[in-house]
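FYI, numbering that gives the first Met the number 0 numbers position 199 of the sequence shown as 198, with every residue one higher than the one before it. Glycine residues also receive a C-beta, built at the ideal position from the N, C-alpha and C atoms.
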Amino acid sequence: MGNIIRALVAFIPADRCQNYVVRDLREMPLDKMVDVSGSQLRRLPVHVCTFRELVKLYLSDNHLNSLPPELGQLQNLQILALDFNNFKALPQVVCTLKQLCILYLGNNKLCDLPKELSLLQNLRTLWIEANCLTQLPDVVCELSLLKTLHAGSNALRLLPGQFRCLHELRTIWLSGNLLVDFPPVLLHMPFLEVIDVDRNSIRYFPSLTHLSSLKVVIYDHNPCRNAPKVGKGVRRVGRWAEETPEPDPRKARRYALATDDNQEPQASAPPPLLPSSS
């Protein structure tokens with residue numbers, strides 16, 4: 000039923016569409032959540048900003064490229080989803096929402112993040128995948144409580160050294176970037192539990208056995224000549240992953256020489272873990 004409504008909304012002019020979408024939002028929702036994802040919105044109805052007790056606001060999959068300053072009234076907001084929109088820059092008003100714990104910014108056109116993002120000191124989950132980032136914004140390293148960072152499908156070639164200051168970080172997703180080396184800074188983060196560097200250009204993996212909290216490392220679809228060494232019980236997803244914790248180096252070399260460099264290895268089954276949403 001929801002898909003039918005959205006299909007009909009697509010044929011309604013923008014102004015009338017917004018009235019249609021928010022006509023049932025005249026009072027504060029009992030669950031303190033507003034979800035107008037996929038509603039063809041080109042601007043956020045200011046009326047929504049009057050719900051000052053709002054905790055969750057989902058604006059995904061619209062045509063937004065700006066937000067009204069009135070959004071700053073939502074000082075109780077903990078989850079904000081802006082993914083799948085047309086943002087070229089993160090509106091400054093987002094950085095005033097100091098109770099935010101989860102921020103979804105994926106699939107936009109962001110080339111950087113404002114330094115004011117550091118004001119979001121309660122932020123625990125940040126999704127910035129599928130943007131236009133050529134380097135990880137330094138401000139990310141100032142989010143001291145960050146536990147999950149999804150920065151896949153950008154154009155990252157390295158991570159800054161100060162990244163190690165994120166002592167609460169447990170999950171890092173870097174798939175689909177331009178890494179040619181395993182990020183050295185990750186070797187100094189023994190508290191990491193999930194590392195995903197799938198679909199990069201990494202040719203060699205250092206030992207990860209000293210990362211005592213590590214549970215999963217995903218390194219598939221890299222032109223690597225070795226599998227990363229890991230501690231007992233750590234799951235690996237990639238070439239030679241079935242040989243735990245580490246294959247015989249001579250056998251691995253024979254396998255590499257016998258494999259056509261241009262032939263992509265068969266993809267392993269996806270891991271059972273998904274990015275945490277909290």
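Inspect the beta-carbon positions of residue i and residue j and report whether they are closer than 9 Å.
i, j, result
"Gln74", "Lys97", "yes"
"Asn176", "Phe204", "no"
"Pro227", "Arg234", "no"
"Thr95", "Leu118", "yes"
"Leu132", "Leu168", "no"
"Leu210", "Leu186", "yes"
"Leu116", "Leu76", "no"
"Val92", "Leu66", "yes"
"Arg163", "Val184", "yes"
Among the residues of its own chain, which have a CB less than 6 Å from the CB of residue i, if the five just before and after it don't count?
i, result
"Leu142", "Leu122"
"Gln161", "Cys140"
"Pro222", "Arg202"
"Gly237", "Tyr218, Asp219"
"Ser339", "Outside the displayed span of the chain (0 to 277) sits residue 339, for which this structure offers no information."
"Asn84", "Asn61, Leu63, Asn107"
What did DSSP end up calling residue i once you bin it into helix, strand or coil?
i, result
"Lys55", "strand"
"Arg234", "strand"
"His166", "coil"
"Leu122", "coil"
"Leu63", "coil"
"Asp219", "coil"
"Leu185", "helix"
"Leu116", "helix"
"Val33", "strand"
"Asp195", "strand"
"Thr208", "coil"
"Thr133", "coil"
"Leu157", "coil"
"Leu284", "Shown here, the chain extends from 0 to 277; a query on residue 284 therefore has no answer."
State the CB to CB distance for the pair residue i and residue j, rounded to an integer number of angstroms; the pair is presumed to be in contact (CB under 8 Å).
i, j, result
"Leu99", "Leu79", "6 Å"
"Leu173", "Ala150", "6 Å"
"Ser200", "Val179", "5 Å"
"Leu213", "Ile194", "7 Å"
"Leu157", "Leu125", "That pair is no contact at about 19 Å."
"Leu109", "Phe86", "6 Å"
For residue i, does the count of other Cβ atoms within 10 angstroms reach 16, so buried, or fall short, so exposed?
i, result
"Val45", "exposed"
"Ile217", "buried"
"Phe190", "exposed"
"Leu29", "exposed"
"Gly105", "buried"
"Asp247", "Below a pLDDT of 50, predicted positions are generally treated as unreliable, and Asp247, at 48, falls in that range; the measurement from the model is reported next regardless. Exposed, since its Cβ has fewer than 16 Cβ neighbours within 10 Å."
"Gln120", "exposed"
"Glu128", "buried"
Give every residue of the same chain whose Cβ lies closer than 8 Å to the Cβ of residue i, excluding the five residues on either side of it in the sequence, and list them in chain order.
i, result
"Ala266", "Only weak support is given to the placement of Ala266: the predicted model assigns it a pLDDT of 38, under 50, and the value that follows is read from those uncertain coordinates. Closer than 8 Å at the Cβ level, and outside the excluded window around Ala266, lie Asp219, His220."
"Arg252", "Bear in mind that a pLDDT of 47 at Arg252, under 50, signals an unreliable position, so the number given afterwards is only what the model happens to contain. Taken in chain order, the residues that qualify are Arg224."
"Gln72", "Cys48, Thr49, Arg51"
"Leu43", "Leu58, Leu63, Leu66, Pro67, Leu70"
Excluding the 5 residues flanking residue i on each side, which residues of the same chain have their C-beta closer than 7 Å to its C-beta?
i, result
"Leu207", "Leu213, Val216, Pro227, Lys228, Val229"
"Leu53", "Lys31, Val33, Leu73, Asn75, Leu76"
"Lys114", "Val138"
"Met27", "Phe50, Glu52"
"Pro182", "Leu157, Leu158"
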